[in-house]
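What the sequence shown shows, in the numbering used here, is residues 368 to 623, in sequence order.
Cβ atoms here follow ideal geometry from the backbone N, Cα and C, with glycine treated the same way.
None of the values given here were measured: they were computed from a predicted structure.
Shown next, in structure tokens, is the structure this report addresses.
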Amino acid sequence: MLAPERHRRIGDALRDRSVVRTEELAVLLGVSAETVRRDLMVLERRGELVRVHGGATSVAAGSSGEEAPFAERAGADREAKAAIGRAAAALVRPGQTVIIDVGTTALEVARALPPDFHGVVATCSLLAAAELAGRPRVEVLVAGGRLRPGDLACSGAGTAQFFADLNADVAFLGSGGVDASAGLTDYHLDEVATRRVMIANTVRSYVLADSRKLGRVAAHRVCGLDAFDEVITDKTPSPALREALEESGGLIVAAG
368 MLAPERHRRI GDALRDRSVV RTEELAVLLG VSAETVRRDL MVLERRGELV RVHGGATSVA
428 AGSSGEEAPF AERAGADREA KAAIGRAAAA LVRPGQTVII DVGTTALEVA RALPPDFHGV
488 VATCSLLAAA ELAGRPRVEV LVAGGRLRPG DLACSGAGTA QFFADLNADV AFLGSGGVDA
548 SAGLTDYHLD EVATRRVMIA NTVRSYVLAD SRKLGRVAAH RVCGLDAFDE VITDKTPSPA
608 LREALEESGG LIVAAG
């Protein structure tokens, strides 16, 4: 099969699904995975798709190599994020060790924790730590590391090691996107490793994703949908994503 025909078929596959895997395309086209990767590089240079870890996504699927600035994200969908934060905080029990990740929605979880909550909160977000610093019955543990402006998020090897040494009851994870094929993805490579460690060392982990992130694929893959327990969002996702989430774990749709 000549390259133009392969490229046409790759485009057709992306119109049917938001993300296609390299291995799937290799089988579909009857070529090696290396040939597929070269084709994807050509198509990306033409602006016809966006490569992601292990495959590609369509430009129209909402992929982006960069995350919007913190101030812009903080002002968007505030009610939806607050509803997600309240739904997440309702899952916390007194005396638990809780991980709160970085991001504008994760910050809403810190704000929504009941005033009488007592326990341990570990975070790599200086904003979440500051939100809880005045709570006399909350022990706040802050991960060190390299500080990212805006979100005031810590990341790096030291941050990952901090969470590797912690056994938590529940974790609330930020997200760049949640997709049926690509799974949980993020914009910041340094924070991917930290998030994987959080999941591995927590009894139950929840991904926080407002409806704009459902079906979106960010640049870096964190894990598949089966690696965490549930997604907490503000609107019911597409049928394909809903089915994938229900098969792999679960879905919580927060009430406004």
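Complete runs of the beta strand (DSSP E) confined to the segment 475-538 [at least 3 residues]
486-490, 505-509, 513-515 and 520-522
Closest to E610 by C-alpha separation, out of G421, G582, G523 and R588, would be which residue?
By one-based count along the sequence shown, residue 610 stands at place 243. Of the candidates G421, G582, G523 and R588, the one whose C-alpha sits nearest the C-alpha of E610 is G582.
Can the beta-carbon of L396 be found closer than 8 Å to that of R382?
Translated into the one-based positions of the sequence shown, residue 396 becomes position 29. Translated into the one-based positions of the sequence shown, residue 382 becomes position 15. It is not a contact, given that the beta carbons lie outside the stated cut-off.
Sequence-distant residues of the same chain with beta carbon closer than 7 Å to A527, five excluded per side
Taking the first residue of the sequence shown as 1, we reach residue 527 at position 160. A560, T561 and V564.
So, are the CB atoms of L480 and V459 less than 8 Å apart?
What you label residue 480 is simply residue 113 of the sequence shown in a count that begins at 1. What you label residue 459 is simply residue 92 of the sequence shown in a count that begins at 1. Yes.
In this structure, how does DSSP classify R571 when only helix, strand and coil are distinguished?
Residue numbering aside, residue 571 sits at position 204 when the sequence shown is read from its first letter. Strand, per DSSP.
For E415, write down the residues that DSSP places opposite it in a beta bridge.
Residue numbering aside, residue 415 sits at position 48 when the sequence shown is read from its first letter. DSSP output for E415 lists no bridge partner at all.
For D468 versus F529, is the C-beta spacing smaller than 8 Å?
Here residue 468 refers to the residue found at position 101 when the sequence shown is read from its first residue. Here residue 529 refers to the residue found at position 162 when the sequence shown is read from its first residue. Cβ distance not < 8 Å, so D468 and F529 don't count as in contact.
Terminal residues of the continuous beta strand (DSSP E) containing G422?
Start at 1 with the first residue of the sequence shown, and residue 422 comes out as number 55. Element bounds for G422: G422 to S425.
Answer yes if the segment 588-600 comes into contact with the segment 487-501, meaning at least three C-beta pairs across the two stretches below 8 Å, and no otherwise.
no
Looking at T464: is its Cβ nearer than 8 Å to the Cβ of K448?
On the sequence shown, position 97 is the one that residue 464 refers to. On the sequence shown, position 81 is the one that residue 448 refers to. Contact: no.
Would you mind sorting R412 into buried or exposed? The rule is 16 or more other CB atoms within 10 Å of its CB.
The count along the sequence shown starts at 1 and reaches residue 412 at position 45. Exposed, because fewer than 16 other Cβ atoms sit within 10 Å of the Cβ of R412.
Take the Cβ of H555 as the centre, count every other Cβ of all protein chains shown within 10 Å, and call the residue buried at 16 or more, exposed below.
If you number the sequence shown from 1, residue 555 lands on position 188. By the 10 Å Cβ count, H555 comes out buried.
Less than 8 Å between the beta carbons of V386 and D546, yes or no?
In the sequence shown, residue 386 corresponds to position 19, counting from 1. In the sequence shown, residue 546 corresponds to position 179, counting from 1. Against a cut-off of 8 Å, the Cβ pair of D546 and V386 comes out as a contact.
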